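Respectively, the protein sequence lines represent chains L and H.
Count the first sequence with UniProt numbering and you get residues 1 to 236, in order.
Count the second sequence with UniProt numbering and you get residues 1 to 236, in order.
Ideal Cβ positions, reconstructed from N, Cα and C, are used throughout, including at glycine.
Keep in mind that this is a model prediction, so the values were computed, not measured.
Protein chains: 2
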Amino acid sequence: MAGGDDLKLLGMWASPYVLRVKLALSLKGLSYEYVEEDLRDKSELLVKSNPVHKKVPVLIHNGKPVSESLIILQYIDEAFAGTGPSLLPADPYERAVARFWAAYIDDKMLPALNQSAMGKTEEERAEGKKQSLVTVETLEGALRDCGKGKPFFGGDSAGYVDVVLGGLLGWVRASDELHGVKPFDPERTPLLAAWSERFGALEAVEPVMPDVSRLVEFGKMLKARLAAPPAAGASN
Amino acid sequence: MAGGDDLKLLGMWASPYVLRVKLALSLKGLSYEYVEEDLRDKSELLVKSNPVHKKVPVLIHNGKPVSESLIILQYIDEAFAGTGPSLLPADPYERAVARFWAAYIDDKMLPALNQSAMGKTEEERAEGKKQSLVTVETLEGALRDCGKGKPFFGGDSAGYVDVVLGGLLGWVRASDELHGVKPFDPERTPLLAAWSERFGALEAVEPVMPDVSRLVEFGKMLKARLAAPPAAGASN
């Protein structure tokens with residue numbers, strides 16, 4: 001880390017959005033202070049740092065707060081360009097392609113996975129499962145066509161899209177036990193299944209990943225609250 | 001424009017997302033071929049260029065397609081860094097702030113404005129109006145606090161957030177006649193009202209803006225179809 005840089009991450013352990021930021025900081029080799037937020041009793045620092053959304057993650061760099069996970073990832077890449085590997089590629093076209101898949105994961109895949117797990121009715125969950133299959137297969141195609149046989153979305157090493165998707169990996173792993181859904185099925189999407197093993201085993205990734213059995217317990221508690229609105233605050 | 005660059009924009013005249021790309025190209029002084037799409041009968045080129053979403057805008061640069069308006073704007077800024085003014089600032093923190101407000105416009109303000117105009121029930125439209133007020137006032141605060149008395153979100157000249165918001169300006173102007181809603185009210189949000197006059201009068205902007213009376217006619221036609229799903233294809 002550049003000398004004199006003070007990095008503080010406001011997070012919540014089960015949030016896939018927060019995990020993205022942890023993964024990016026770990027891959028870049030940046031040290032930081034982590035502050036766990038109670039989203040039912042948000043800290044003054046969180047509310048002051050992200051007054052518009054009041055959500056985690058927030059990365060505070062030398063006193064200046066940055067919110068929204070995809071924006072934080074790009075900020076880390078740009079503010080610490082000289083430290084560790086780059087998340088986004090250098091070529092403008094490849095950067096646009098990476099941003100496209102990151103947006104796809106957030107705008108299409110995540111809502112479908114959420115709906116398949118937490119939809120209010122059986123029909124909603126069935127529709128969510130159907131849409132999940134479509135989005136996961138589209139992403140399998142992206143890994144096949146853009147990856148061109150490389151081990152990661154970022155090519156030979158993990159990059160922006162790997163981190164964006166990697167943030168979901170804990171919940172993807174918990175999903176089979178929790179909801180009977182295996183999003184990255186080795187039969188249907190062998191490349192994504194292999195990617196998830198490969199990414200999860202990286203030296204910079206493995207220690208950062210949340211404990212799957214703890215996510216399963218947390219997910220069961222959320223499912224029990226299904227009729228009530230989902231826990232607000234852990235998003236983007 | 002850099003010699004040998006071939007730029008083609010697939011668009012639809014009334015789309016605020018397409019207008020953003022036109023504004024960016026105009027501010028950068030880049031010439032391009034514009035192709036109007038019929039979204040009820042999409043061209044083979046559109047479907048091939050954006051197979052995932054099949055939506056406009058698509059910018060095709062030397063045969064390579066880029067989709068999604070915010071991603072296209074950043075692509076233009078990066079691929080033509082040496083041509084015309086930069087859209088995003090150079091400083092990583094200011095870039096993060098600009099990206100934050102661009103995301104806010106897309107994720108919060110646009111859905112609220114859409115709901116206030118096209119909500120299916122009177123209650124939905126009333127709730128949309130309420131949320132629109134909140135988001136527009138939040139943006140007024142951003143212009144006051146971040147702009148620090150400068151004429152544009154980008155400072156002394158129009159930049160990324162100006163273009164993202166500027167794409168909505170045609171519909172904002174049509175909204176009073178169409179829906180009895182004046183999103184940038186001079187009394188309530190004087191900075192945004194002055195900004196919209198200032199931005200709309202720029203030499204690079206004025207010739208690109210859609211004709212407001214034509215938008216009003218188009219909006220009336222959409223309103224008449226209100227019970228049916230909105231026209232697909234013109235998005236992001």
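| query | result |
| --- | --- |
| Beta carbon proximity, Ser-67 of chain H to chain B, threshold 9 Å | Protein chains L and H are contained in the structure displayed, whereas chain B is not. |
| Same chain only: Cβ atoms within 7 Å of Val-212 of chain L, ignoring 5 sequence neighbours per side | Gly-170, Arg-173, Ala-174 |
| Contact set between the stretch 138-149 of chain H and chain L, restricted to residues whose Cβ is under 7 Å from the partner | Thr-138 |
| Sequence-distant residues of its chain with Cβ nearer than 7 Å to Ala-193 of chain L (five each side left out) | Phe-184, Asp-185, Pro-186 |
| Arg-40 of chain H at chain L interface by Cβ criterion, 9 Å | no |
| Under 8 Å by beta carbon: chain H residues contacting Gln-74 of chain L | Arg-95, Ala-96, Arg-99 |
| is_contact[Lys-64 of chain L, chain H] using C-beta, thresh 9 Å | yes |
| Euclidean distance between Cα positions of Val-52 of chain H and Leu-59 of chain H | 15 Å |
| Beta-carbon gap between Ile-72 of chain H and Pro-92 of chain H smaller than 9 Å | no |
| C-alpha gap between Tyr-160 of chain H and Leu-88 of chain H, whole angstroms | 5 Å |
| Validate contact between the stretch 143-158 of chain L and the stretch 194-214 of chain L using beta carbons, cut 8 Å, 3 pairs | yes |
| Chain-order list of residues whose beta-carbon lies under 6 Å from that of Gly-167 of chain H (same chain, five-residue window excluded) | Pro-16, Leu-19, Arg-20 |
| Segment limits, alpha helix (DSSP H) that includes His-179 of chain L | 169-179 |
| Rounded separation between Glu-94 of chain H and Gly-63 of chain L - CA only | 14 Å |
| Where Tyr-160 of chain H sits in the DSSP three-state scheme | helix |
| Residue range of the unbroken beta strand (DSSP E) whose run includes Glu-33 of chain H | 33-36 |
| Where Val-52 of chain L meets chain H, residues with beta-carbon distance less than 7 Å | Tyr-104, Thr-138 |
| Under 7 Å from the C-beta of Pro-92 of chain L: neighbouring residues of chain H | Tyr-75, Glu-78, Ala-79 |
| Interface flag, Ile-71 of chain H vs chain L, CB-CB below 9 Å | yes |
| Val-58 of chain H: CB within 8 Å of a non-hydrogen atom of the ligand ATP | As for the ligand ATP, it is missing from this structure, which has no ligand bound. |
| Among L:Glu-177, L:Asp-5, L:Gly-180, L:Arg-214, nearest to Phe-80 of chain L - alpha-carbon criterion | L:Asp-5 |
| Outcome for Arg-99 of chain L when other beta-carbon atoms lying within 10 angstroms are tallied against a minimum of 16 | buried |
| Coarse secondary structure for Lys-108 of chain L, derived from DSSP in three states | helix |
| Assigned exposure category for Met-221 of chain H - 16 Cβ within 10 Å defines buried | exposed |
| Cβ-based neighbour list, Ala-117 of chain L, same chain, cut-off 6 Å, excluding 5 preceding and 5 following | His-179 |
| Whether Glu-37 of chain H touches Ser-43 of chain H by CB criterion (9 Å) | yes |
| Min CB distance His-179 of chain H to chain L below 9 Å | no |
| Leu-25 of chain L beta carbon less than 9 Å from that of Ile-105 of chain L | no |
| Same chain, Cβ closer than 6 Å to Lys-108 of chain H, five either side skipped, listed in chain order | Thr-135 |
| Close beta carbons around Ser-67 of chain L, own chain, < 6 Å, minus the five adjacent residues each side | Asn-50, Val-58 |
| Alpha-carbon spacing of Lys-148 of chain L relative to Glu-217 of chain H, whole angstroms | 48 Å |
| Expected contact under 8 Å - CB spacing of Val-164 of chain H and Leu-27 of chain H to nearest Å | Not really, about 12 Å apart at Cβ, beyond 8 Å. |
| Under the three-state DSSP convention, the category Lys-148 of chain L falls into | coil |
| Three-state secondary structure assigned by DSSP to Val-66 of chain L | strand |
| Val-134 of chain L - DSSP class collapsed to helix/strand/coil | helix |
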